[in-house]
Amino acid sequence: MPRVLIVGTGIAGLTTALSLAGRAEVTVVTKAAATVSNTSKAQGGIAAVTSADDQVSLHVQDTLTAGAGWSDPAAAEVLCAEGPARIADLIEAGVRFDRADDGVLARGLEAAHSRARVLHAGGDATGAAIAGGLLAAAARAGVRVRERVLVTELLHAGGRVVGAQLTDLTTGAVESHRSDAVVLATGGAGQLYPCTSNPEVATGDGVALAARAGAGLADLELYQFHPTTLALPGNFLVSEAVRGEGAVLRDVTGQRFMTEVHPDAELAPRDVVARAVAAQLRRTGAPVTLDATALGEEYLRRRFPSIDAAVRAAGLDWAREPVPITPAAHYWMGGVATDLWGRTSVPGLLAVGEVACTRVHGANRLASNSLLEGAVFGHRAARVLLGDEAAAEGPVGPQWPDLVHSDALTHAPAGADGRPADAPAGAPPTASAEALGGFSRAALQELMWTRAGLIRTEDSLARATTVLDAWAAGGGPISAVDPLRAHEDANLLLLARLLTRSARARTTSLGAHFRSDTAAEALLPSPELVLETH
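Last residue of the sequence shown? That's 534 in full-length UniProt numbering, and every number before it is there in order.
Here is the structure:
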């Protein structure tokens, strides 16, 4: 019976655990409470083909279209073809999806979907319902879940990962946990930015662990910003489904503007809508608002109870007036490069869900495909760990030639011009950490937001690289008072340095990666709108 350590308690990690239960010795760890994850915060729903008027081929095409030509068609086919079976698994595990009066699954329409195929639970509490259902199922199956346990390092022997170093954050005890495989299911790194829909635990721990273990990474420059979070502390996410039901975006004069940006208006791909909102904010300095008043108070309260409560708690009445919104970091298309079975470039190490990069989402994720990704690829990772013969066909691990490795980061001595020896030609002279101000998470987040956020240029990215490298050379995050915070900050600094380098390497725009100093590619805002952002 294989021993498997799973890091993370979202849909990807718990699906993997449940698929292994009874056939493997499974331990699941999380640095926080088991209920805290990106999954638990997901509102809109989970997309899958579950009706007679929909087809897998249509879901695949929508996924590829949103992905701006960068998606792996084979990955999209796997996601969409296996999606219906994974929905059935979730229902069997106890997840209660909302149903229409006739008892059939209720399906919503979201941005860039050609059919209404998004399932939801509890109105807009889909993620919480899924996380709760899977945790209860894991408990029934006897899966061991350890809370407040931090993975600080992956253990190696014989050229493979053989376990992990764990720290119990309650007792301070440190242990070496041996396993036949480690599955990373840690989610994204929204805390790279000051505005994010992600919880505070989303500090990119899994990608950082894999990077330090020598695993190949991919597409780190591709970070999706959700167009509509409340422009208030906490950036509570206002689901895509609200626009799917008919809400519209308005500028400072009260006029709609998305109709001039894209044929699908408010239901255009997320990268398009997010940049259009950002352009309005930069041009006017005034809030962009989401107008859902046409939907009515009763419907808003019933269909979107979580959002309704959050809006009202902020003293706003979205049934009677538009509410201010802002884009926020939401989902990382890049991450640890894997094959379609979750296998990384390092034997014994797998990654599933947002932490992984199969290129299923391409350069811009289709709305509500993330929860499905966790379920589909978590199940496939379990299959390969149990010796599924189908997984033996073809090469193991990612086969892309453009993988990124953390050894690209060096602290080489500065040359005569003051630049690090490994700095690209044209990079600005290196500044000292003191001259730039000391490291803090807030400073890193602000730097990433302004220099490596929705809209990027070579100059902005070069500046970010200089500052980040100076912080790293100056020692980076150090805290004897809060070692967890220091560990997370070190991860964020590492990932910020890798992300900015990847963004500089991709000199043209692609999906969520928008370079305003080069020609835009398909699915980008109109040239007039782009010019307003300069």
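Even for Gly, the Cβ is constructed at its ideal location relative to N, Cα and C.
Quick caveat: nothing in here was measured; it's all calculated off a predicted structure.
Nearest-angstrom beta carbon gap, residue j and residue i [assumed within contact, 8 angstroms]
{"i": "R320", "j": "T293", "result": "6 angstroms"}
{"i": "A47", "j": "R117", "result": "5 angstroms"}
{"i": "Q43", "j": "G127", "result": "7 angstroms"}
{"i": "V288", "j": "V277", "result": "5 angstroms"}
{"i": "V38", "j": "G10", "result": "For the record, residue 38 in the displayed sequence is Asn; it is not Val. The pair is a contact, with the Cβ atoms about 6 angstroms apart (cut-off 8 angstroms)."}
{"i": "V149", "j": "V29", "result": "4 angstroms"}
{"i": "G133", "j": "G94", "result": "4 angstroms"}
{"i": "V404", "j": "L217", "result": "4 angstroms"}
Host beta strand (DSSP E) of residue i (start-end)
{"i": "L249", "result": "V248 to R250"}
{"i": "H156", "result": "V149 to A157"}
{"i": "S176", "result": "V174 to R178"}
Outcome for residue i when other beta-carbon atoms lying within 10 angstroms are tallied against a minimum of 16
{"i": "E297", "result": "exposed"}
{"i": "G511", "result": "buried"}
{"i": "D308", "result": "buried"}
{"i": "D271", "result": "buried"}
{"i": "S345", "result": "buried"}
{"i": "T171", "result": "exposed"}
{"i": "D317", "result": "exposed"}
{"i": "V481", "result": "exposed"}
{"i": "P327", "result": "buried"}
{"i": "P398", "result": "buried"}
{"i": "H266", "result": "In the sequence as displayed, the identity of residue 266 is Glu instead of His. E266 comes out buried."}
{"i": "T63", "result": "buried"}
{"i": "P401", "result": "exposed"}
{"i": "G315", "result": "exposed"}
{"i": "G206", "result": "buried"}
{"i": "G335", "result": "buried"}
{"i": "E110", "result": "buried"}
{"i": "G123", "result": "buried"}
{"i": "A470", "result": "buried"}
7 angstroms Cβ shell around residue i - same chain, five flanking residues per side excluded
{"i": "A164", "result": "L5, V151, E153, L154, L155, H177 and V182"}
{"i": "L461", "result": "R451, A452, T500, A503 and R504"}
{"i": "P477", "result": "F439, A486, D489, A490 and L493"}
{"i": "D54", "result": "R115 and R117"}
{"i": "Q224", "result": "R270, D271, H330, Y331, M333, N364, R365 and A512"}
{"i": "G246", "result": "A294 and L295"}
{"i": "D339", "result": "V396, G397 and P398"}
{"i": "H361", "result": "G67, S71, M333 and N369"}
{"i": "T203", "result": "A189, Q191, E488, N491 and L492"}
{"i": "A138", "result": "L14, A17, L18 and V145"}
6 angstroms Cβ shell around residue i - same chain, five flanking residues per side excluded
{"i": "S19", "result": "H379 and A382"}
{"i": "R144", "result": "T27"}
{"i": "A12", "result": "A185, V352, G353, G374 and G378"}
{"i": "W341", "result": "R380, V384 and A391"}
{"i": "V248", "result": "R256, E266 and D291"}
{"i": "V174", "result": "T167"}
{"i": "T465", "result": "T500"}
{"i": "F97", "result": "L105, L119 and A121"}
Where the alpha helix (DSSP H) through residue i begins and ends
{"i": "I11", "result": "I11 to L20"}
{"i": "D459", "result": "E458 to A473"}
{"i": "H487", "result": "P483 to A505"}
{"i": "L444", "result": "R441 to R451"}
{"i": "F377", "result": "S370 to L385"}
{"i": "T358", "result": "Note, T358: premise wrong, no alpha helix (DSSP H); not H, not E."}
{"i": "E297", "result": "E297 to R303"}
Length of the line joining the Cα atoms of residue i and residue j
{"i": "I87", "j": "G394", "result": "27 angstroms"}
{"i": "P322", "j": "G214", "result": "48 angstroms"}
{"i": "A209", "j": "V7", "result": "For the sequence presented, residue 209 should be read as Leu rather than Ala. Cα-Cα distance, rounded: 11 angstroms."}
{"i": "D102", "j": "V56", "result": "24 angstroms"}
{"i": "Q445", "j": "R506", "result": "21 angstroms"}
{"i": "R463", "j": "R343", "result": "35 angstroms"}
{"i": "R303", "j": "S406", "result": "45 angstroms"}
{"i": "P233", "j": "L349", "result": "37 angstroms"}
{"i": "L58", "j": "G159", "result": "42 angstroms"}
{"i": "R107", "j": "L447", "result": "40 angstroms"}
{"i": "L169", "j": "Q61", "result": "45 angstroms"}
{"i": "T284", "j": "V104", "result": "46 angstroms"}
{"i": "I130", "j": "G437", "result": "43 angstroms"}
{"i": "P263", "j": "L119", "result": "25 angstroms"}
{"i": "A286", "j": "D251", "result": "8 angstroms"}
{"i": "S239", "j": "T228", "result": "7 angstroms"}
{"i": "Q280", "j": "L454", "result": "13 angstroms"}
{"i": "S51", "j": "Y299", "result": "24 angstroms"}
{"i": "L409", "j": "R497", "result": "8 angstroms"}
{"i": "A157", "j": "C195", "result": "40 angstroms"}
{"i": "A313", "j": "R301", "result": "13 angstroms"}
{"i": "E389", "j": "L495", "result": "35 angstroms"}
Same chain, Cβ closer than 8 angstroms to residue i, five either side skipped, listed in chain order
{"i": "A522", "result": "No answer about A522 holds up, because its pLDDT of 37 lies below 50 and its placement is not dependable."}
{"i": "M258", "result": "V248, L249, A265, E266, A268, V273 and A276"}
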